[in-house]
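Student: Going down the list, the sequences are from chains Z and F. Just so you know, our numbering puts 336 at position 249 of the first sequence, and the rest follows in order with no gaps. Just so you know, our numbering puts 265 at position 178 of the second sequence, and the rest follows in order with no gaps. Note that CB positions come from ideal geometry on N, CA and C, so glycine has one too. Just so you know, these numbers come straight off a predicted model, no measurement behind them.
There are 2 protein chains.
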Amino acid sequence: MNFRQNNRICQLLNIEYPIIMGGMSWAGTPKLAAAVSNAGGLGVIGSGAMKREHLKEAIDTIRTLTDKPFGVNIILVSPYVDELVDLVIEEKVPVVTFGAGNPSKYMTRLKEAGIRVIPVVASDNMAKMMERIGADAVIAEGMESGGHIGEVTTLVLVNAVCRAVKIPVIAAGGIADGRAMAAMFALGAEGIQMGTRFIASTEADTHENFKKLILKSSIRDTVVTGAPLGHPARVIETRFARKVRELETKNLQEAEEVLVGSLRKAVVDGNIEEGSFMAGQCVGLINEIKPVKEIIQDIVNEFYETTQTFCEFVK
Amino acid sequence: MNFRQNNRICQLLNIEYPIIMGGMSWAGTPKLAAAVSNAGGLGVIGSGAMKREHLKEAIDTIRTLTDKPFGVNIILVSPYVDELVDLVIEEKVPVVTFGAGNPSKYMTRLKEAGIRVIPVVASDNMAKMMERIGADAVIAEGMESGGHIGEVTTLVLVNAVCRAVKIPVIAAGGIADGRAMAAMFALGAEGIQMGTRFIASTEADTHENFKKLILKSSIRDTVVTGAPLGHPARVIETRFARKVRELETKNLQEAEEVLVGSLRKAVVDGNIEEGSFMAGQCVGLINEIKPVKEIIQDIVNEFYETTQTFCEFVK
């Protein structure tokens, strides 16, 4: 199979493999994103809580590292959304993915600037709305995903979203290998998004402690913190995560306070005692730190092998 | 494709399609189970809180309704497990599925009696243990499932379990159609288990109110109750479910008390005010009450179509 010939995501984004990097604050650096783009996927800079000048710097950096298409992820809860949107338009960033929320007020300007707009959705109804306002594709992200999550699992959500819209669907949440990619394609998805798998790569500047935690975690070793605070996020179950969950049953304000800055502490400092190590349930399927190029090639190869075996079997 | 020829679940259980009925207390009646078996799947009587004489009656009844293989689901937390295991051995029930828990103390006797033993597992480690003690297959049930659930989603769990064991894997949780079945087979599963889809059938004696709730619910309309009590269960989000979740943050004992008997009130009485309507997230993918035979045929047909389209696409 040649993805370029019959895959709408590859055609839409002008990339070789329909593998997109998740929007990750702190972990989604220009270096990691460039590695993904250079390996044939779509690298995505996680703008997180960045101000305009920081994102400008990140965009300048990635352009020194790759001449392939790349994306910027913008979180709609950021106080700087307006200026970040202005910037990606000025900079003619090829693709923008939006973290859960409704990007409709920015849609017309982004589309007029020729930017591909791909919102993350957590329900089939949201997907339909995004299609209606002109999204080029949607990312259907299930609750097994790392970081901020919805309620519906990838299997159910991707199935429902693929039935609801005609634009291409990118499956996200719990995907770290070629088998999961094949399963998502069987449901009708045309691309996958991965976050945790790319953190466990050579090129990620994510702290070694974080990478080690991913390697040693099983599929049962993540928990959700922040749910009672209205911003549920999946993290690796460390002593800190257990403490946060306990605080959430006793003192919400204190829970909120210890969570502030905790993602940075995990990604940048590797601070086991105070960091939120956001990661998906697929940590249990990741056993090796590898170069990004190898990760993508392995997934594409396993996707081919899996589909061949499967298609042979069901003939 | 002929399942009989190359599918280990069909060969193991001597059935036509690798589609198993979930172990459902109250809803898993002999009538519904017989309909599933007569349609080529494996019908399963949910023994729930039954005593020996009630299960004996149910087994006698199903034998008047079908001459096809059928199963009995035994919940390992039942106070009557010992006597139910004695009974299924005496009755030479073809297949026993076990609700989450460890059935190892019964394994030797069941296997010696020629019974196929298929435990439900919520982790890859549990699956390996079950394989080691002689289980014929395992059911990997994700947390999008209805009723009592674990923490890991179907996509991640089935992937991990298929990599962990050599015995056949049956995927469960969030599956109600042929696309999801194809996705699970792409992951390496060789069968599917469905509960909610079979409740929404003509033959289910489940109260009309329950069936109507399934039809009108979206993928986001289930919640988990009982988690703080140590027995999390997925139910449709009714006013009662919201009340239980609120009680759980305030008065655990009262929450426990209102939950007693609440499944029976939902299934048998259709009591919207006091019933726990256990159902999976796939309620959002179910739009029609149909005869069981049609449900199974539609799923098999969609499985074929989906795999053909998919296999054509990835050629």
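(1) Along the chain, where does the alpha helix (DSSP H) containing A126(F) start, and where does it finish?
(2) Run through DSSP, which three-state label would P206(F) get?
(3) Considering only DSSP beta bridges, list what S349(F) is partnered with.
(4) Please check if any C-beta of chain F sits within less than 7 Å of the C-beta of V322(Z).
(5) Secondary structure at V311(Z), three-state DSSP: helix, strand or coil?
(6) Since N388(F) meets chain Z, which of its residues come closer than 7 Å, beta carbon to beta carbon?
(7) Is it the case that the Cβ atoms of V245(Z) and A258(Z) are separated by a distance below 7 Å?
(8) Enumerate in chain order the residues of its own chain whose CB-to-CB distance from I82(F) is below 6 Å, with the five nearest sequence positions on each side excluded.
(9) Give, in chain order, every residue of the stretch 340-354 of chain Z whose Cβ lies closer than 8 Å to some Cβ of chain F.
(10) So, using beta-carbon positions, are F90(Z) and S124(Z) closer together than 7 Å?
(11) To the nearest angstrom, how far is the alpha carbon of Q280(Z) from that of T312(F)?
(12) By DSSP, does F157(Z) sit in helix, in strand, or in coil?
(13) Can you name the start and end residues of the alpha helix (DSSP H) that V180(Z) belongs to?
(14) Since M271(F) is in the alpha helix (DSSP H), which residue starts that stretch and which ends it?
(15) Express the C-alpha separation of P206(Z) and Q384(F) in angstroms, rounding to a whole number.
(16) Under 7 Å, Cβ to Cβ, is there at least one residue of chain Z near T394(F)?
(17) At 7 Å on the CB atoms, spell out the chain Z contacts of V239(F), in chain order.
(18) Helix, strand or coil: which one does DSSP assign to I373(F)?
(19) Along chain F, in chain order, which residues have C-beta atoms closer than 8 Å to that of S210(Z)?
(20) Can you tell me which of V310(F), T394(F), K143(F) and G130(F) puts its alpha carbon nearest to the alpha carbon of T153(F)?
(21) Taking only the alpha-carbon atoms, compute the straight-line gap between M137(Z) and N189(Z) and give it to the nearest angstrom.
(22) Does the Cβ-Cβ distance between F364(F) and F285(F) come in under 7 Å?
(23) Should P166(Z) go down as buried or exposed, given a rule of 16 or more other Cβ atoms within 10 Å for buried?
(24) Report yes if the C-beta distance between D264(Z) and E389(Z) is below 7 Å; otherwise report no.
(25) Using C-beta distances below 8 Å, list every residue in its chain close to E178(F), excluding the 5 sequence neighbours before and after it, in chain order.
(26) Using a Cβ-Cβ cut-off of less than 9 Å, list which residues of the stretch 219-244 of chain Z approach chain F; keep chain order.
(27) Any idea if V354(Z) is buried or exposed, counting beta-carbon neighbours within 10 angstroms, 16 or more meaning buried?
(28) Taking DSSP as the reference, what is the three-state secondary structure of I226(F)?
(29) What does R266(F) touch in chain Z if you count any residue whose Cβ is under 9 Å from its own?
(30) In chain Z, what lies closer than 9 Å to A269(F) by C-beta?
(31) Just confirm the distance between the C-beta atoms of G233(Z) and T283(Z), as a whole number of angstroms; I'd bet it's less than 8 Å.
(32) Can you give me the C-alpha to C-alpha distance between I323(Z) and I301(Z), rounded to a whole angstrom?
(33) Nearest by alpha-carbon distance to G110(F): which of E103(F), A120(F) and Y104(F) is it?
(34) Within the same chain, show all residues whose beta-carbon is closer than 8 Å to that of K352(F), passing over the 5 residues directly before and after it, in chain order.
(35) For N93(Z), go through chain F and note every residue whose CB falls closer than 8 Å to its CB, in chain order.
(36) According to DSSP, simplified to helix, strand and coil, what is I301(Z)?
Tutor: Taking the geometry as given:
(1) Within the second sequence, residue 126(F) is the residue found at index 39, counting from 1. From DSSP, A126(F) is part of no alpha helix (DSSP H); its letter is neither H nor E.
(2) Sequence index remark: in the second sequence, residue 206(F) carries index 119 (1-based). Here P206(F) sits in strand by DSSP.
(3) Taking the second sequence and counting its residues from 1, one reaches residue 349(F) at position 262. Beta-bridge pairing links S349(F) to no other residue.
(4) In the first sequence, the residue the question calls residue 322(Z) occupies position 235. Judged by the 7 Å Cβ criterion, V322(Z) is not in contact with chain F.
(5) To locate residue 311(Z), count along the first sequence from 1; it is residue 224. Three-state result, V311(Z): strand.
(6) Taking the second sequence and counting its residues from 1, one reaches residue 388(F) at position 301. Within chain Z, no residue comes near N388(F); the closest Cβ sits about 13 Å away, beyond 7 Å.
(7) Locating residue 245(Z) in the first sequence gives position 158, counting from the first residue. Locating residue 258(Z) in the first sequence gives position 171, counting from the first residue. Result yes, Cβ atoms of V245(Z) and A258(Z) sit closer than 7 Å.
(8) For residue 82(F) there is no data in the structure shown, the boundaries of chain F being 88 and 402.
(9) none
(10) On the first sequence, position 3 is the one that residue 90(Z) refers to. On the first sequence, position 37 is the one that residue 124(Z) refers to. Contact: no.
(11) The sequence position of residue 280(Z) within the first sequence is 193, counting from 1. The sequence position of residue 312(F) within the second sequence is 225, counting from 1. Their Cα atoms are separated by approximately 31 Å.
(12) Against the first sequence, residue 157(Z) aligns to sequence position 70. Residue state, collapsed to three classes: strand.
(13) Looking up residue 180(Z) in the first sequence gives position 93. Careful: V180(Z) lies outside any alpha helix (DSSP H) and carries neither H nor E.
(14) Taking the first residue of the second sequence as position 1, residue 271(F) is located at position 184. Start and end: G265 to L274.
(15) Taking the first residue of the second sequence as 1, we reach residue 384(F) at position 297. Taking the first residue of the first sequence as 1, we reach residue 206(Z) at position 119. C-alpha separation (whole angstroms): 36 Å.
(16) One-based indexing of the second sequence puts residue 394(F) at position 307. Judged by the 7 Å Cβ criterion, T394(F) is in contact with chain Z.
(17) Residue numbering aside, residue 239(F) sits at position 152 when the second sequence is read from its first letter. What V239(F) touches in chain Z: I306, R307 and Q368.
(18) As a working mapping, residue 373(F) is identified with position 286 in the second sequence. Coil.
(19) Sequence index remark: in the first sequence, residue 210(Z) carries index 123 (1-based). Within chain F, the residues near S210(Z) are S305, I306 and R307.
(20) The sequence position of residue 153(F) within the second sequence is 66, counting from 1. Answer by Cα proximity: G130(F).
(21) Looking up residue 137(Z) in the first sequence gives position 50. Looking up residue 189(Z) in the first sequence gives position 102. Distance between the alpha carbons of M137(Z) and N189(Z): 19 Å.
(22) Along the second sequence, read from residue 1 onward, the residue named residue 364(F) stands at position 277. Along the second sequence, read from residue 1 onward, the residue named residue 285(F) stands at position 198. Contact: no.
(23) As a working mapping, residue 166(Z) is identified with position 79 in the first sequence. Answer is exposed; the Cβ neighbour count stays below 16.
(24) Counting from one through the first sequence, the residue named residue 264(Z) turns up at place 177. Counting from one through the first sequence, the residue named residue 389(Z) turns up at place 302. Contact flag set, yes.
(25) As a working mapping, residue 178(F) is identified with position 91 in the second sequence. K143 and I146, listed in sequence order.
(26) G229, M230, E231, G237, E238, V239, T240, T241, L242, V243 and L244
(27) Numbered from 1 along the first sequence, position 267 holds the residue referred to as residue 354(Z). So V354(Z) counts as buried.
(28) By one-based count along the second sequence, residue 226(F) stands at place 139. In this structure, I226(F) counts as strand in the three-state DSSP scheme.
(29) Start at 1 with the first residue of the second sequence, and residue 266(F) comes out as number 179. Within chain Z, the residues near R266(F) are N246, C249, R250, A273, L274 and G275.
(30) In the second sequence, residue 269(F) corresponds to position 182, counting from 1. Correct list: A270, A273, L274, F397 and V401.
(31) Stepping through the first sequence from its first residue, residue 233(Z) is reached at position 146. Stepping through the first sequence from its first residue, residue 283(Z) is reached at position 196. G233(Z) to T283(Z), Cβ: 5 Å. Contact.
(32) Start at 1 with the first residue of the first sequence, and residue 323(Z) comes out as number 236. Start at 1 with the first residue of the first sequence, and residue 301(Z) comes out as number 214. Cα to Cα, the separation comes out at about 8 Å.
(33) As a first step, residue 110(F) is located in the second sequence; it is residue number 23 there, counting from the start. With distances taken between Cα atoms, G110(F) lies closest to A120(F).
(34) As a first step, residue 352(F) must be located in the second sequence, where it is residue number 265. Excluding residues within five positions, the ones whose Cβ falls inside 8 Å are N358, E361, G362 and S363.
(35) By 1-based counting over the first sequence, the position of residue 93(Z) is 6. Ordered by position in chain F, the residues that pass the 8 Å Cβ test against N93(Z) are F400.
(36) Walking along the first sequence from the start, residue 301(Z) turns up at place 214. The answer is helix: DSSP assigns I301(Z) an H, G or I state.
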